[in-house]
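Position in the sequence shown (first residue = 1) + 2 = the numbering used here.
Report on the structure given below.
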Amino acid sequence: MSNDMLHLRKATPFDIDILFRWVNDKKVRQNAFDSHTITYEEHVVWFDRMINDTNQAQYILMLSDKPIGQVRLTMKGTEAEIDYSISKSVRGCGYGGEIVGLIKEKIQEEYPFIRKLIGRVKSSNIASYRCFMKNNFEETYRQFEYVYK
Ligand SMILES: CC(C)(COP(=O)(O)OP(=O)(O)OC[C@H]1O[C@@H](n2cnc3c(N)ncnc32)[C@H](O)[C@@H]1OP(=O)(O)O)[C@@H](O)C(=O)NCCC(=O)NCCS
């Protein structure tokens, strides 16, 4: 895989529909902490707020001229939380690990005041766990839950 072909570009208003398609992907909803299906109306309101929020930065992962994933930063002070996904048709090809590495570099270039990156991952999401671990993140937290039947 050539890294020249694989790059992040800043999202524009034209990305509203591709992000809507990706956000309701079955695995994306399963792995999200709020798993409800998102309506287009909700998405439009969310997108408009997000794209105009200086504390958020949305990028699209491009393989040459083809969009294959997304990563979004939500910044608070010197910390940034990372939300990301890879298009279903190209999962399992290594792009998840690549996108985490690329966003680490991008933050150093564009947001040098950010000192800590955070990824919140469900225990069942082994692929995402591996993407963070291979990019030298450390596991700092585990949450245990008991649900009454
Ligand atoms: C998580 C996600 C981004 C990973 O992207 P990907 O391109 O499929 O991941 P990669 O191909 O880079 O694989 C990363 C590692 O996970 C492993 N892996 C991939 N799919 C896996 C699966 N279904 N189960 C277990 N391991 C898996 C790979 O073998 C690789 O491990 P290795 O490098 O140690 O061999 C992608 O599955 C996705 O978009 N999921 C839905 C959204 C999501 O979960 N986002 C993250 C929220 S925290």
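All C-beta atoms in this analysis are idealised placements derived from N, C-alpha and C, irrespective of residue type, glycine included.
query, result
"Ordered list of alpha helix (DSSP H) runs contained in the stretch 29–58, each at least 4 residues", "42–53"
"N- and C-terminal bounds of the alpha helix (DSSP H) containing K108", "97–112"
"Whole-angstrom C-beta distance between L63 and L10, which should lie under 8 Å", "6 Å"
"Beta-ladder partner(s) of R23, from DSSP", "DSSP, once it has assigned bridges, lists no residue as partnering R23."
"Paired residues, beta bridge with T76 - DSSP", "Q58, E83"
"Pick from R23, M135, A34 that is closest to V46, judged by C-alpha positions", "R23"
"In DSSP terms, what I120 is bridged to", "E83"
"Alpha helix (DSSP H) segment containing R132, residue limits", "128–135"
"Boundaries (first-last residue) of the beta strand (DSSP E) holding R11", "8–12"
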